[in-house]
DNA sequence: GAGTGTGAAAGATTTCACAGCC
DNA sequence: GGCTGTGAAATCTTTCACACTC
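Protein chains in written order, with the UniProt record's numbering: chain A, 1 to 264; chain B, 1 to 264.
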């Protein structure tokens, strides 16, 4: 999990950071001023060692003998995770899942703002969809994004590249795309997104996206990654995997990791 | 990741198994008769070593010098993952996300069949929802499940326990619950599910479910797990974590694991 | 006294090399 | 000749103990 000389932060640590941040928000809402690695650990269902080690990857945020100031740690984790800048997002695939995502309240927190919605189905094109207001803040794409609640009309995917170009010309380049098309169309849709300049894909389809794979068939084997794909990041969110993993562990409970001891 | 004396199968290996199975299905649809660890590795974006090791946890499925017979390996992985029995599923939380899940085509594969839909919102109660037909097969709950496409009416969560009891009396105990309520209600809804006897929860809410936590407040600290929760399995599917992890890795691409070399 | 931060130990997972078999 | 299956090595991650600070 390390890359060349770089320290090496476990992927799992990044996911846990997201959890800690969520807990800090809950604590802040509950007006709890300070907390500790032990308290965070219990709520995050990990060990206190783990919390301290995870935080140590990114800096020193606590006070010995005292613990952590909720507001400080929250601010620092927000910064570490890149959630203090804004992210312009398009959704490709506006079926039921895409629509559920578009409306999902949590996504609009932290400056994730939908700027475009795409599909290929004729009956969806032009359909207006309400998207949540983006919270105020400095845009990562130079201009502050609009903070108004809005309606977006679903566009055809063939117009994605032009749309992206137009957005970029206005200094609001598309940062991420959420991919929520049926699995058999995921690869082609991802290709369109990358060609439009999208550098981050959150893939909801139950299939892996293959970088490159331009037009004609590679003679299989090591496919060289085309320039377009070179710096594209893909994360997968696949609920069918979760469902099947759950089935497996229900049949084989003894293979489940036991809870880390809540000590130290 | 191991438990007492048991061999110890990495959680990640189970997730990869799901991926291999998906690839085998694609190969079968393409009428490819045999494959190899190298070919699977390439499509699964892991190393061939990894594929062989993962499979070795569960048995010997290949033929040296030849590779794997697609149909055989598919059948074996289906069995290993518990996907050759049927699973009765309820969905708790029938907002947009719950409805998207209910209609999601992939979930009805492999004998995952929805038997009940629940919510608390008055305007949803009684609403009919089409759910996909479950594929034929032997039920894990003694009786073969109906294979007809169906409509289910959304019920109130307070009726979940009674419904579960009635199902159990018919030999079709509820196996799993998909939890798709807003995060602030997730804990209470999970509690209702467990009280109704559900032993597996796929949690879509962006919050962790705490085992136990019966009614009154524990004096914090080690909460002992109540009997009801003792053998309940929870898996999380949290797209907000994926979204934030994507943001992090877009800002820190050098911290991303590089692709495993596609060799051997 | 309490709780963080961290180097070192323990443990788990992945990679590797190669024996074994068709 | 080719590809699987697997013990051993390398690597990564987590756990731990404790020095340090408030």
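Beta carbons are placed, not taken as given, at the ideal position from N, Cα and C, and that holds for glycine.
Predicted model only: the values in this text are computed from it and were never measured.
By the Cβ criterion, the region 12 to 28 of chain B is in contact with the region 244 to 255 of chain A, since at least three pairs of Cβ atoms, one from each stretch, lie closer than 8 Å.
The shortest CA-to-CA distance from residue 194 of chain B to any of B:167, B:204, B:226 and B:170 is the one to B:226. The beta carbon of residue 104 of chain A sits closer than 9 Å to some beta carbon of chain B. Taking a 10 Å sphere around the C-beta of residue 203 of chain B, we find 16 or more other C-beta atoms and assign the residue as buried.
As DSSP reads the structure, residue 34 of chain A sits in a beta bridge with A:69. In this structure the region 57 to 72 of chain B does not touch the region 100 to 116 of chain B; the number of beta carbon pairs closer than 8 Å is below three. With respect to chain A, the C-beta atom of residue 37 of chain B has no partner C-beta closer than 9 Å. The beta-carbon of residue 15 of chain A is placed less than 9 Å from the nearest beta-carbon of chain B.
Judged by beta-carbon spacing, residue 90 of chain B lies beyond the 9 Å limit of residue 234 of chain B, meaning their Cβ atoms are not closer than that value.
Under the DSSP assignment, residue 88 of chain B falls in the beta strand (DSSP E) whose first and last residues are 87 to 92.
Against chain A, the CB of residue 54 of chain B has no partner CB under 9 Å away; the residue lies outside that interface. Here residue 105 of chain A has 132 as same chain residues with Cβ atoms under 8 Å from its own Cβ, once five neighbours each way along the sequence are excluded. Its Cα nearest to that of residue 134 of chain A, the residue A:108 stands out among A:61, A:119, A:128 and A:108. For residue 235 of chain A, the C-beta contacts it makes with chain B under 7 Å involve 242, 245 and 246, in order along the chain. When Cβ-Cβ separations below 9 Å define contact, residue 118 of chain B makes no contact with chain A. Taking the beta carbon of residue 206 of chain A as reference, the chain B residues within 8 Å of it are 22 and 106, listed in sequence order. Residues 151 of the same chain have their beta carbon placed closer than 6 Å to that of residue 130 of chain B, with the five preceding and five following residues left out of the count. In this structure, DSSP gives residue 83 of chain B a state outside helix and strand, which the three-state scheme calls coil. Proximity of the region 68 to 75 of chain A to the region 30 to 40 of chain A meets the contact definition, three or more beta-carbon pairs being nearer than 8 Å. Taking 9 Å as the CB threshold, residue 8 of chain A lines the interface with chain B. With respect to chain B, the C-beta atom of residue 197 of chain A has no partner C-beta closer than 9 Å. Against residue 96 of chain B, the close residues of chain A are 99, 100 and 103, in the order they occur along the chain (beta-carbon pairs closer than 7 Å). Neighbours of residue 34 of chain B in chain A, taken as residues whose beta carbon is under 7 Å from its own, are absent, since the nearest beta carbon is some 15 Å off.
Considering only B:209, B:45 and B:75, the residue with the shortest C-alpha distance to residue 58 of chain B is B:75. Pairwise C-beta distances place the region 91 to 100 of chain B in contact with the region 171 to 182 of chain B, as three or more of them are shorter than 8 Å. Any Cβ of chain A closer than 9 Å to the Cβ of residue 255 of chain B would place that residue at the interface, and such an atom is present. Here residue 206 of chain B is buried, its C-beta having at least 16 other C-beta atoms within 10 Å. Distance from the CA atom of residue 172 of chain B to the CA atom of residue 41 of chain B, rounded to whole angstroms, is 39 Å. When DSSP states are grouped into helix, strand and coil, residue 49 of chain B belongs to the helix group. Per DSSP, the beta bridge partners of residue 155 of chain A are A:118.
At a C-beta separation below 8 Å, residue 130 of chain B has no neighbours in chain A, since its nearest C-beta there lies roughly 12 Å away. Under DSSP, the beta-bridge partners assigned to residue 178 of chain B are B:91 and B:202.
Across the set A:208, A:160, A:14 and A:170, the C-alpha of A:208 shows the shortest separation from the C-alpha of residue 182 of chain A.
Taking residue 237 of chain A as the centre and dropping the five residues before and after it, the same chain places the C-beta of 202, 203 and 204 closer than 8 Å to its C-beta, in chain order. With fewer than 16 other CB atoms across the displayed protein chains lying within 10 angstroms of its CB, residue 254 of chain A is exposed.
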